[in-house]
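*Asks:*
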Amino acid sequence: MNKNIFIVVILLLACTNIARAQDDDPLYTRAGFKFGANYANVTGDLENTDARIRMHLGAVIEFPVTQRFYVQAEVLYSAQGYTFDEAGVENEISLNYLALPIIAKYYFTPRFSFETGPRFATLANASDGRDDTPDEFFDTFNDFDFGWVFGAGYKAESGLFFQLHYTLGLSNIINTNVTDISSNNSIAQLSVGYLFKTKNNRRQQAEQ
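This is the structure in structure tokens:
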């Protein structure tokens, strides 16, 4: 799987360099950060679960491909999970991931974009509502999670941006060596972030 991730990144960067050479106007990579809220739940064999509102935050970098097409790579801490009723008591399951989304962004106007792409994640922590969560509980879940992101965004000239994403989980988050069930993550995200201007960005604006 790590080899596949490497190949995807190399192909995206190669496409970026080819298309960038075709544009007359200079385009610049911008880095920044984002944070926001997760509305997280699971689907599949785990029935009668309810969503949890958690948070995500991390760093982003936006690579220009053409004037309308960009690629945004992210490194995020994403707090997820779900709740379920256990003997009349609500039990909260926390599933916290380190995620690497690679999002293709098409700006259909100078400010608004359609966005989609793969999301790779590794499980950092898993716990339930009990005070002392055993290690066996963490082993119930797979270390790796894969999903696909769909959404839209808005980016202001200043670099401030907003994104609304939905991640459809495509891999089983349950370790089938422990229990023979299947379940997938389901995450709606509302994010706000900022992309810093590079020295070249500021120089170009000063010359205009």
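Take the sequence shown: its position 18, counted from the start at 1, is 18 in my numbering, and no numbers get skipped. Beta carbons are placed, not taken as given, at the ideal position from N, Cα and C, and that holds for glycine.
Given that a residue counts as buried once 16 or more other Cβ atoms are within 10 Å of its Cβ, and exposed if not, what is Gly193?
*Replies:* buried
*Asks:* So, Leu76 versus Ala99, is the Cβ gap smaller than 8 Å?
*Replies:* yes
*Asks:* Please tell me whether Asn185 and Ile173 are closer than 8 Å, where the distance is taken between their beta carbons.
*Replies:* yes
*Asks:* Return the CA-CA distance between Gly129 and Tyr97, expressed in angstroms with no decimal places.
*Replies:* 18 Å
*Asks:* Are the CB atoms of Asp145 and Ser183 nearer to each other than 8 Å?
*Replies:* The answer is no: Cβ separation not under 8 Å.
*Asks:* Would you mind reading off the limits of the beta strand (DSSP E) that contains Ser186?
*Replies:* 183-195
*Asks:* Could you have a look at Asp139 and say whether DSSP puts it in helix, strand or coil?
*Replies:* helix
*Asks:* Should Val178 be labelled buried (16 or more other beta-carbon atoms within 10 Å of its own) or exposed?
*Replies:* exposed
*Asks:* For Leu190, tell me which candidate among Phe161, Phe137, Phe108, Ala124 has the shortest Cα-Cα distance.
*Replies:* Phe161
*Asks:* Nearest-angstrom Cα distance between Arg119 and Gly58?
*Replies:* Rounded to whole angstroms, Arg119 to Gly58 spans 14 Å at the Cα level.
*Asks:* Less than 8 Å between the beta carbons of Asn38 and His56, yes or no?
*Replies:* yes
*Asks:* Distance, Cα to Cα, Phe35 vs Arg54?
*Replies:* 11 Å
*Asks:* Is Tyr39 helix, strand or coil when you go by DSSP?
*Replies:* strand
*Asks:* Please list, in chain order, all residues of the same chain as Phe196 whose beta carbon is under 7 Å from its beta carbon, the five residues on each side excluded.
*Replies:* Arg30, Ala31, Gly32, Gly159.
*Asks:* Ordered along the chain, which non-local residues of its own chain (more than five positions away) have a Cβ less than 6 Å from that of Tyr154?
*Replies:* Arg111, Phe112, Phe162
*Asks:* What is the DSSP secondary structure of Val75, reduced to helix, strand or coil?
*Replies:* strand
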